[in-house]
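Reviewing the structure listed below.
Numbering (my numbering), first residue to last: 1 to 586.
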């Protein structure tokens, strides 16, 4: 069995639960079949194993370097990106007329999970590029789509998103990068951007930056932000990269993990280069002035789902490594037989090791179910699908970032002292995964988004839709799952009541004081729903795999769902300690 991902689990989730094969009855996917889906999954697994996993440790030990002029990345990264590009998956879900394969998003997400689990750092380059392409296809002029998006789909160019700045971080209202119009939709940009993943390298012909900036005279705050295409090179008449644009690497950030992805501080318009005979980075306006953040959310929300998927993938591979180690490592004797002359047993026989493995199984398999469910909502043509995805997105990003990180924590613990050394890969999985609660909006920001916007929008329609959807699963549960169904129903009712209590006064300061506890509770309820869904799909089926699904569902309902009680109690109490305390006391 692979220690990257479980092919059997993906098959169960895609075909036995989500019935992805039925999508081929729709005109958009009519050229596909179960066979083509399986072929893409198989080639993804094979290339992930051969071209991505083969340099995951090398990526970590030899992170990108900058000598003041050029960035150097280990050569295996470029080879891996070439192999990925040749699969066609860069345009996997796009229309055929845009150079895509018209794969369902859910199949593409399952395919890409193999690459994220095998090498999260190298997989970040295509992930960002795909998000960049999707934004341009949605909002850019056709001439810019042709010039920049098409070469990215072909794998010739790569893309980034440039939001954060050294002084602003996640506070985009404080962005200071400036843009001055010079005519014909062309602007000159000046400023600095920080934490730009894939921000500089020589892995592609050029890099297409999507940059948030404030046009001269625009109002303060996010309403004054516009979005610009700022390529590393200006393009010649033939569409090939030519003159250098005035965007340069000021330095690389050196991270705890996720080291193989260049992480840049970029200077725009500092005069290092004079494109078209003048300093200032040349940028092309996307859409209308003042709508930049709205456009950028197209890529940001996709990236948030991608971050959640990466967290699941890293947790999943950590769990599989720990499971294999626990079956092989012999140490100690059962408490019922402490005879020192008896041979030691595999550590998987010890209850606490089983606890960690079973908890990890529920986190990673529950998280994978959530990721694929969210992806399938993009393929769903029902009117409710966009709103349901909107309310789930903060959970999709943040829940795996916390709990699949916990799976990697447990993977280290299962390995014992060996897990804390570089002889085994689990310590790297943890360090790589530790970034996910931070980037693309910290988990705390996701909590504010969920409680402050998503569950209250349109008079609470988002939360009502989520609870109705969960209620449909509860109603369809067979009698043998009635205990789980009842527990989930009670948890949903409590969540709805607590939400009403929090907003009864209409005071956001009070309502959001413990938003993280709300995210924790809502996330666990949603994952319990994912486990009830899987238990329903496994009902009546025989074999160790299905028994394992039933065991995991039972564990999550007995050991994890009860965590929501104290979280919801805290929220219902109206506690405002965190909002009211004197920070001098900390």
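We treat Cβ as the ideally placed atom computed from N, Cα and C, and that holds for glycine.
None of the values given here were measured: they were computed from a predicted structure.
- When the Cα atoms are used, residue 381 and residue 465 turn out to be separated by approximately 16 Å.
- Taking the Cα positions, residue 486 is about 8 Å away from residue 474.
- From the listed residues 403, 462 and 329, the smallest Cα separation to residue 389 is found for 462.
- The DSSP assignment places no complete beta strand (DSSP E) segment of no fewer than 3 residues inside the stretch 368-416.
- Restricting attention to alpha helix (DSSP H) runs no shorter than 4 residues, the stretch 328-370 encloses none.
- If you draw a straight line from the Cα of residue 546 to the Cα of residue 467, it is about 27 Å long.
- With a beta-carbon spacing of about 7 Å, residue 322 and residue 426 fall inside the 8 Å limit used to define contacts.
- Using a Cβ distance threshold of 7 Å, residue 443 and residue 398 count as a contacting pair.
- In the structure shown, residue 438 adopts coil according to DSSP, grouped into three states.
- At least 7 Å separates the beta-carbon of residue 121 from that of residue 53.
- Under the DSSP assignment, residue 193 falls in the beta strand (DSSP E) whose first and last residues are 186-197.
- Burial is judged here by how many other beta carbons sit within 10 angstroms of a residue's own beta carbon; residue 324 has fewer than 16 and is exposed.
- Secondary structure at residue 424: coil, using DSSP grouped into helix, strand and coil.
- Within the same chain, no residue comes within 6 Å of residue 12 by CB-CB distance, once the 5 residues on both sides are set aside.
- Taking residue 534 as the centre and dropping the five residues before and after it, the same chain places the C-beta of 17, 369, 549 and 553 closer than 7 Å to its C-beta, in chain order.
- Collapsing the DSSP output to three states places residue 498 in a helix.
- Take the alpha-carbon of residue 233 and the one of residue 48: they are about 31 Å apart.
- In the displayed model, residue 34 falls within a helix according to three-state DSSP.
- DSSP places residue 284 in the strand class (E or B) of the three-state scheme.
- Per DSSP, the continuous beta strand (DSSP E) segment holding residue 241 begins and ends at 241-244.
- Apart from the 5 residues on each side of it in sequence, residue 102 sits with its Cβ closer than 8 Å to the Cβ of 28, 29, 31, 32, 93, 94, 95 and 96 in its chain, given in chain order.
- A Cβ-Cβ distance of about 5 Å is found for the pair residue 215 and residue 289, placing them in contact under the 8 Å criterion.
- The shortest C-alpha to C-alpha distance from residue 303 to any of 126, 213, 349 and 207 is the one to 126.
- Between residue 411 and residue 516, the C-beta spacing is not below 7 Å.
- Its chain contains 308, 311, 312 and 367 as the residues whose beta carbon lies nearer than 6 Å to that of residue 400, once the 5 sequence neighbours on both sides are disregarded; these appear in chain order.
- Classified as buried, residue 81 has 16 or more neighbouring CB atoms from the shown chains inside 10 Å of its CB.
- Between residue 391 and residue 293, the C-beta spacing is not below 7 Å.
- Residue environment analysis places residue 559 among the exposed positions, since fewer than 16 neighbouring C-beta atoms fall within 10 angstroms of its C-beta.
- The Cβ-Cβ distance between residue 396 and residue 375 does not fall below 7 Å.
- In the displayed model, residue 229 falls within a strand according to three-state DSSP.
- When the Cα atoms are used, residue 329 and residue 343 turn out to be separated by approximately 12 Å.
- In the three-state reduction of the DSSP assignment, residue 181 falls in the strand class.
- A residue is called buried when at least 16 other Cβ atoms come within 10 angstroms of its Cβ; residue 522 meets this threshold and is buried.
- In this structure, the CA atom of residue 59 is about 7 Å from the CA atom of residue 259.
- Assignment of beta-bridge partners to residue 207 by DSSP yields 158.
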